[in-house]
Structure formats: structure tokens, C-alpha cells
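Residue numbers (my numbering), protein chains in the order written: chain A, 849 to 1375; chain B, 849 to 1375.
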């Protein structure tokens, strides 16, 4: 049941005066529940609890933390149809998506549970003493990763489950041993509270310290600002707009003690279609991309907002086909009237620039909050000159750039801001002829895709979801996959430390039987 | 031979008007060579060359990069006595230290060469396709680390070789595939130019692209500011003061595209002496610490500036002994009159605070630029209240804090800023009785040492040299040891990429025979 209250640790609390409701974009009405924004006092309490919980939680074994993460997954499934119903009412997304995203959320939690149960992720590295080394003895030095401290996670608007309350950032931070304070997304406050109740139940059932998790409501920026500025908060995870992510990054960088902010932000995900592929498969590609552009009403960070090809009859046909195909797709709802408003505004900013041709614009009457898809095209030189055309239009929109030649295409790629993904569509042997373009693309993105679509981010150890700024604020980390745990940890060394006082990961006898680097060799052996 | 010019790639260049000289603190005179500060044009040229060199250098094999790093080490050794002489004339440090630091510098280069020659450091991770997976096929995804782009390295004042021109930051960045532009330390411009000449020779001999390395002279902050602000610079390494490091961090954070700055800055390196150890070994500890405090005229980042114990007769005796022993050590020269000036100023700021007792102050006449060591003591409660006492006094200085009890000691530790190291001195079984203190210490430092001294940083894979702010600007990385390469790289994924176009590290046949994670298993096998 949704109470509208904050979780301050395991305690439901609603001391504030400011309230708000979520919105059902399908029905175009507010949902019933009233949410109470967290007060300054509640924020301070949540951080203090997290700080104290850290002392215990940071030292709990991987096996016990894994039990906690699996219990969260179990409790989320216990929420059953109530969660699906609330998710749909707060996002306008279909039930199938709700179930799929729940599966991804639960899957991520269980993947991290497996990682920390096994335990080798801490990168244990041991160099034993050499007392007879000249000119001086070598000390015994042992290193492992330890958690940073309380982490603040901002719920995402476009993944109300998988990148929100118990999403990737939270799962990774809890797995590492960091307590988490979630700043709930105002549009998904009900979904957030339900998931928070599951985390709280799991924490109690598995004996985790109170404060290991809190969930704070907020409709504005005050709660987030106070959290990121708080001296006892040690890192921040965010998924959303460039403006929002950059504001948090700036705030964190200006603290007396700057803290890391991993913000996964905007991307237009360039797709390069090479000439042979265009000639041989132009029609099929048009269909594939009409789907990819409109998938989830275009509300994916990996949405293909930019398609590049070399001017000619084939590219013209592709544009005609893409425009025809995309108009056959029935519009769907956006997450919220505000997101639709931003879509309309960003779209018209781009379309009002010089020398832009709209080749497809859905024009039939649609329900309120439904987004009408648009495809536009522009010359390479115009695109190069006007950086307004490089900005993300979050929603079902894509621009096809017609380049004079491959040099211009390379030049455009090299001038793009950082991107999450870049896609190359080519026929057999064709890609190797365009190695400069591929090099330029690699320099601007976190992931390249061959003959596919950028939408769809596989959760696996080899995945990179991140990239040069502004795709993310720190390209040295990924937001998806088990390696995302590295955002929340730091290496720590023990020198000549007594064996019985070392953490189990570093003891001579290797009681956890983890893989360690000992004097340069990877081994699970004892010392 | 020292020319006083900048290395813009492999070209000696001196277009500027602004000149300066280095200083011999032992002789208290300026050295002869005149150095020409880099101009805006020269800075732009160096960055452009680095940007272009990156395209080739980032793709050169680990084996070829290793040849380059080893050639740098060889060329440094070829400089022979000239380098030792110039080093001593620009630092006032003894010849033994010069040779030792040269050994460390060469050793670091060869260690990184070995790492990249072997090649597994790129963390190659492969998840192969599952075309029949339901509800949808799993793509083939392959990940490895790639270099960020041109890196700017600021030469350190206290390690004219090992953390300067070809020091740890440069070696790690070149190993990763990033071109390096060094902003030479003005006090060690001659040492820097000699080492730069060795790097340039090595680059030419091993066929590296021009611009893989540049060395810029500068006596002020302008050159560094321009470099860090340049859009084509992608990361920064710095070793020095909190003020300097923070200024660079702020500059980098305020760019349109923020870039990572790894600054290794100040530390007072708390040392906790537990009661039994104090009782049983107080005299010996006093001797050991008198040496450690004055080692290298106290000019190490790991210098023990703070010693904590519990009030009583034993601590009083320790203070008496430490004060007596430290006065028996003959003062030595500081690196530069400016550093001596800062030492005197910071020392007098601390000593002018209320309730500080000076227990040792070297008073005999000394040569110009020699630093007179000081030991002071203060009550725990006074130390707790006055954060001015928490600031680093870079030089031969230490403060002994007399705590009322272990609770107060724990409180003091928990209120310290971030530190590179923390040391615990205890007798058998004693440490386990103070687990709260050890936990508090772990939270504030990057490395803990048992029954030793913090000075002396072993270069090994398990070493962490870094720590919570302000020990460093990003505690998630170390500045020493092979893992310091991780500061300059980012993960990159290929999805469904043709095998023949993948880098060798990720090809099915594993031509480099590196260790890879393939579908969750670590293996050197082919796929």
C-alpha cells in the first residue's frame, strides 16, 4: 500500500508540508496518492543513519550482502500486480514493459548477489615481504577494494524500476557495501515507495543495519541539492538530462571535499549507414530504424537520434522509406506531460533552424500525452556549422544527415559531443574501407555496434554504458553491468598488518577461496 | 646539454620572452641555465601534436609501447653523471638520493613496460552471442580498456625524477597509450629538460609519432592553466600542494567538458602509538620517528606530521626522547627558498595557536636554506577544537597529540581530513583491543601501516598511494604502482563487431595470448 511517506531508514516519516501527486499520462489525470516531500530534518536523519550503518555494512561479508540483495529481489516479486499497476499508472508504459523492466531489475540484483557471494571482485592483490631484499627489506603489502561511504542515487524518469529505487546504481552500491539514499523520481513516487518498502523489508529480514537504505520524496531540486551537499555523502549516481546531471556534478565539485558524481546523461547515438549496405538493404534498414526510433516512445538514452549517410539516390530512397514506415507506427504515450512538453520544444528548436527538411511528421489526432514522431533531414555542411542540430531531442525523433562524402562524414563524427553509442551499418568488407570514420567514432562513444540498433543494452560484464562527456560525467566507468560496482569503491592497502586482523579477503589462508593476485600470479591458493 | 628550450614534440623551441633560472639551495645561488617559458602558440602546437599523435599512439601494440618505455629508461641512464649533477644542483638533495630516485624512475618505466608487453592489463572481457536466447538473442559484446587522450602531467617539486618528467604519471599515461605533455616544475627545469631529451630520443629511435611527448617550461601558473583548459586535453596528473591541486581540479571541473584530474596533495599521516608499545618500546620508537620526520628534510608526502597517544608518563617520556633524538640530527637543505619560506610560515601559524608546547626546536646556526626541525605537543581537546592544527606543515615537523583516552583518540581520527597513510604502533594482541580506532583510521586513509613508518612507498601492484580528499582528488585510484594506469583509461565495448576488425586483444583467436574473461571464465584460450 502506498502511504506517500519517506523511508528514513526503516521508518515511515512525513514531517513536511509540501505534497504532490504523480500523473497518469494514459488517462491524462493525476493519480490518487499524495506524497510528502522530505524535510531538512528528515534528510539529515537519513544521512546520519546511513553514516552509522556504513560502519557495520561496509564490513559485512559478501555472502550476507548477497542474501540481502536476493531478498530485495524476492520482495519486489512479492509486490506482484500492485507494482505493475502502479508502474503503468505512473509511466503510461504498457504492462509488458513493466514486467520486462521488473525482470531486468530483479536480474541485476541477483547478478550483483552472485558477484559478491563469489567475492573475487574486490581485486585482492598481495605482495609478500622480502626481509632480505637489498638495499632495504620489502614490506608485506595487501590491497583490496572497499566501499566509499553513503551513496545518493537519483531515480531515473525513463526507467522507473531498472534505473531507480532498486535499479542498477542502488544494486551496485549496496553490493559494494555502501548504504544508499534514494532521491525518488517525483513522477514515479508510488513505484519508488513500493520498491523502497521491498528493500526495507529485505533489510529487516536479513538483519542489515537500519539506515542501509532510505527513500526520500521530492518534487523539486531542494532535497537533491541538500543530499549532494551533505558532508557525509560520499558519491552520487544519476540518470537523466544533461542539465540535471551537470548541476549535480558542479555542486559536488564545489564542495569542500569534492565527491564523485556518475551521471549518465544525454546522447544522440549516431548511426552511420555505409553505401553498400544502403544499396543492398536500404528498405529493411528503414523498417528496423522506424521501430528503433519509436521504441518506448523514443525514451531510451540509446535512441538513434542521428543517422548519417553519403548523399545519393540510395540515401534519398532510405529517407523516403524511413519516413513512410515511421508514419505507419501508431504514436504512444510519453512518461509525463513535462517530458512531452520538452520533446515538443526541443523538436521545434531543431526544426526552426535553417535548411532543415521535415520528411515525416505524424499528423493524425492522438490522445493527450502521446508523442507524434518526426524525421527530418539536413545537409552535412549545415549540420557541421550549426551545433544546435547536435542536441538531443528526447523522444521519437531522428535526423538524417546527408554528407557530401566520407571525409565530411568523418569530420561530423569527430565534432560530435561524447555519446553512449555509435552504430555502423555495412556490408561484408565494407567497414574496413572506412577505418578513419570508425576511429573517429570510437573516440566519441562508449560502445560501437555493428549492423544492429543502439536501443537495447545487454546487462553483461562486457557492456559499457557510459562514454565521453556529456554521455557521462566520468567515462572511466560504466553504469550497466557488474563493473559498475567500481564507481563506488576505492583501493585500500594494508602494510605489514597482522594476519588475524586482516579482512578475510586478504588473510594468508584465503578462507573465502577467492581469486587473488599474489606476488604477480593469479591464484586461489593459500599463502 | 641544457638549452633552456621547450620540447614541442621532438622540436626544441624557445619563442617566448619570459625567462627564469633554477636555484641551488646548497650553494644559495642561482644555477646558470636560462629557461624560456612556453608561449601560447607553443602550448597550442604541443596539444595539436599530441592530439594527432594520439590517433596512432593509442593503437600501437603493447609490445611496441614497451620498447618505447624501456628505451626511455635506457636513455635516462645514458644521461649518467650529468643528470645526477643537475638534479643535485636543483634540489639540494644528496647524490645518493639522486641515484636512488633515478633507479626508482627507471624501475617504474620498466615495470610498466613489462605490464603492457604482457598485455592482460586491458581487462579484456568477452560475452559471446546466444542467438537462440529467449525472448531475444544475446549480442556478442567485447570490452577492453582504451586510452583517454592527451594527458597533462605537472612535475612535482619533491621528486624531480620519480614524479616528474618521466615519473609515475608519465610512465602510466604513456603505457596506456595516452600522449603526455609535461608542465615542467620551474625549480627542476634543467633536470626536466635532460629527461625530456631522453624521452624524445627514445621516441625517435622507436618510431613513435611526433607529439607523443612534449615538455613545456613555465615559472608561473599561466602555462598550466592554458593546458588544463584546452579542449583537446583529456586528463591531468599532479603531485603537490592542496592549493595547487585544488585549483587545477576546479579549472578542469568548470570546463565545458569536465576532465578527470588526479591530484596527489597534502597529508599529515597520523601515527597512533598504543599504550603497551609505548611502554615497551618507547625509546626505540622515538629514535625511529626522529629519523622518519627528518628524512629528506621532511619533504615526503608520507611524512609523519601527527603522532597520537594516550596521556601518561610513557607518552611524556616518548616526547622527551623524540625531542632529544631529533635535535641530534643535523639539519639539511630544503628544495628551494620558497619551500623553506612556506615551512617557516606554516610552522609559525601552528605554533602561534593557543596551548601548543614546543618540545624541540633546533637552534644552532645553519646554512642558508636548511630547515630547523621542530616537535610540538598539544592536548587532545585543544587539537579537536582547532582545525588549524590539522593542516600540513611540509618539512621536518611533527606534533604529538596527548589524548585523554581512546575515545578521544578515535574522535580525533574521525575528524581528520583524508590522508595518504595511517600508522598503528602496537604490541602483540594490542591492536585488536582498539578496533574502533582502526576502523576510524581506515575510513580516513588510503593505506594503513602496522609497526612501521609511513615514509617509503613500495612500488608494487598492492600499493595504494592516494586516499580520501585532500590526500587525493579521487580516492578511487592510486598514484603509485601499475594500477595507476587505470587513471588514464576508459572501458570500451564492441557489439557484434566483425572479428577481423576487432583489436587483437578481443579477437577470437587471442593472438596476444592474454588472460581474458570469456563468458564469465578467466582464460587464455581461443574462442
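Beta carbons: idealized from backbone N, C-alpha and C, even for Gly.
What are the boundary residues of the beta strand (DSSP E) that includes residue i?
i, result
"residue 1110(B)", "1109 to 1112"
"residue 813(A)", "With chain A represented from 849 up to 1375, any question about residue 813(A) goes unanswered, as that position is not in the structure."
"residue 1245(B)", "1245 to 1251"
"residue 1397(B)", "In the structure as shown, chain B begins at 849 and stops at 1375. Residue 1397(B) is therefore absent and cannot be evaluated."
"residue 990(B)", "989 to 995"
Spell out whether any CB of chain A is found under 8 Å from the CB atom of residue i.
i, result
"residue 936(B)", "no"
"residue 899(B)", "no"
"residue 1113(B)", "no"
"residue 1097(B)", "yes"
"residue 1275(B)", "no"
"residue 1322(B)", "yes"
"residue 1267(B)", "no"
"residue 1306(B)", "yes"
"residue 1105(B)", "yes"
"residue 1073(B)", "no"
"residue 926(B)", "no"
Output yes if chain B places a C-beta closer than 8 Å to the C-beta of residue i; else output no.
i, result
"residue 975(A)", "yes"
"residue 1297(A)", "yes"
"residue 841(A)", "The first residue shown for chain A is 849 and the last is 1375, placing residue 841(A) beyond what the model contains."
"residue 1101(A)", "yes"
"residue 1137(A)", "no"
"residue 1331(A)", "yes"
"residue 1057(A)", "no"
"residue 1248(A)", "no"
"residue 1091(A)", "no"
"residue 1280(A)", "yes"
"residue 1303(A)", "no"
Expressed to the nearest angstrom, what Euclidean distance is found between the alpha-carbon atoms of residue i and residue j?
i, j, result
"residue 1232(A)", "residue 1079(B)", "18 Å"
"residue 968(A)", "residue 1313(B)", "22 Å"
"residue 986(A)", "residue 1349(A)", "20 Å"
"residue 1267(B)", "residue 862(A)", "39 Å"
"residue 1403(A)", "residue 1142(A)", "The requested residue 1403(A) is not part of the displayed model; chain A covers only 849 to 1375."
"residue 1386(A)", "residue 1061(A)", "Because residue 1386(A) is not part of the residues shown, which for chain A are 849 to 1375, the question remains open."
"residue 1103(B)", "residue 1100(A)", "15 Å"
"residue 983(B)", "residue 1323(A)", "31 Å"
"residue 1115(A)", "residue 1319(A)", "6 Å"
"residue 937(B)", "residue 1293(B)", "35 Å"
"residue 941(A)", "residue 1140(A)", "16 Å"
"residue 999(A)", "residue 1276(B)", "37 Å"
"residue 1252(B)", "residue 1290(B)", "22 Å"
"residue 1254(B)", "residue 1163(B)", "14 Å"
Residue range of the alpha helix (DSSP H) that residue i falls in?
i, result
"residue 1232(A)", "1228 to 1233"
"residue 1369(B)", "Per DSSP, residue 1369(B) belongs to no alpha helix (DSSP H); it is in the beta strand (DSSP E), 1369 to 1371."
"residue 1077(B)", "1070 to 1077"
"residue 840(B)", "Absent from the model: residue 840(B). The displayed extent of chain B is 849 to 1375, so no value can be given."
"residue 980(A)", "Segment: none, residue 980(A) is in no alpha helix (DSSP H) and carries neither H nor E."
"residue 1379(B)", "What is shown of chain B runs 849 to 1375, which leaves residue 1379(B) out entirely."
"residue 1150(A)", "Taken as a continuous stretch (DSSP letters only), residue 1150(A) belongs to no alpha helix (DSSP H), as it is neither H nor E."
"residue 1172(A)", "1161 to 1175"
Below 7 Å, is the gap between the Cβ of residue i and the nearest heavy atom of the ligand GTP?
i, result
"residue 888(A)", "This structure simply doesn't include the ligand GTP, nor any ligand for that matter."
Segments of 4+ residues assigned as alpha helix (DSSP H) that fall wholly inside the stretch 881 to 921 of chain B: Counting whole runs of 4 or more residues, the stretch 881 to 921 of chain B contains the alpha helix (DSSP H) stretches 888 to 905.
Runs of beta strand (DSSP E) wholly within the stretch 1274 to 1339 of chain B (minimum 3 residues, chain order): 1293 to 1298
Any 3 or more C-beta pairs closer than 8 Å across the stretch 994 to 1009 of chain B and the stretch 1168 to 1188 of chain B: yes
Three CB pairs or more closer than 8 Å across the stretch 1353 to 1372 of chain B and the stretch 1145 to 1162 of chain B: no
Stretch-stretch touch, CB-based, cutoff 8 Å, three pairs: the stretch 1295 to 1308 of chain B with the stretch 944 to 959 of chain B: yes
Inter-stretch contact (C-beta, 8 Å, three-pair minimum) for the stretch 1048 to 1058 of chain A and the stretch 1279 to 1292 of chain A: no
Touching by the beta-carbon criterion (3+ pairs, under 8 Å), the stretch 862 to 875 of chain B and the stretch 1029 to 1041 of chain B: yes
Segment contact flag, the stretch 925 to 936 of chain A with the stretch 1168 to 1182 of chain A, C-beta cutoff 8 Å, min 3 pairs: no
Ranges of the alpha helix (DSSP H) found wholly within the stretch 1091 to 1142 of chain B, counting only runs of at least 4: 1123 to 1142
Given 8 Å, three or more beta-carbon pairs between the stretch 1209 to 1228 of chain B and the stretch 1109 to 1124 of chain B: Fewer than three beta-carbon pairs drawn from the stretch 1209 to 1228 of chain B and the stretch 1109 to 1124 of chain B are found closer than 8 Å, and the two stretches are therefore not classed as touching.
Validate contact between the stretch 904 to 924 of chain A and the stretch 1079 to 1096 of chain A using beta carbons, cut 8 Å, 3 pairs: no
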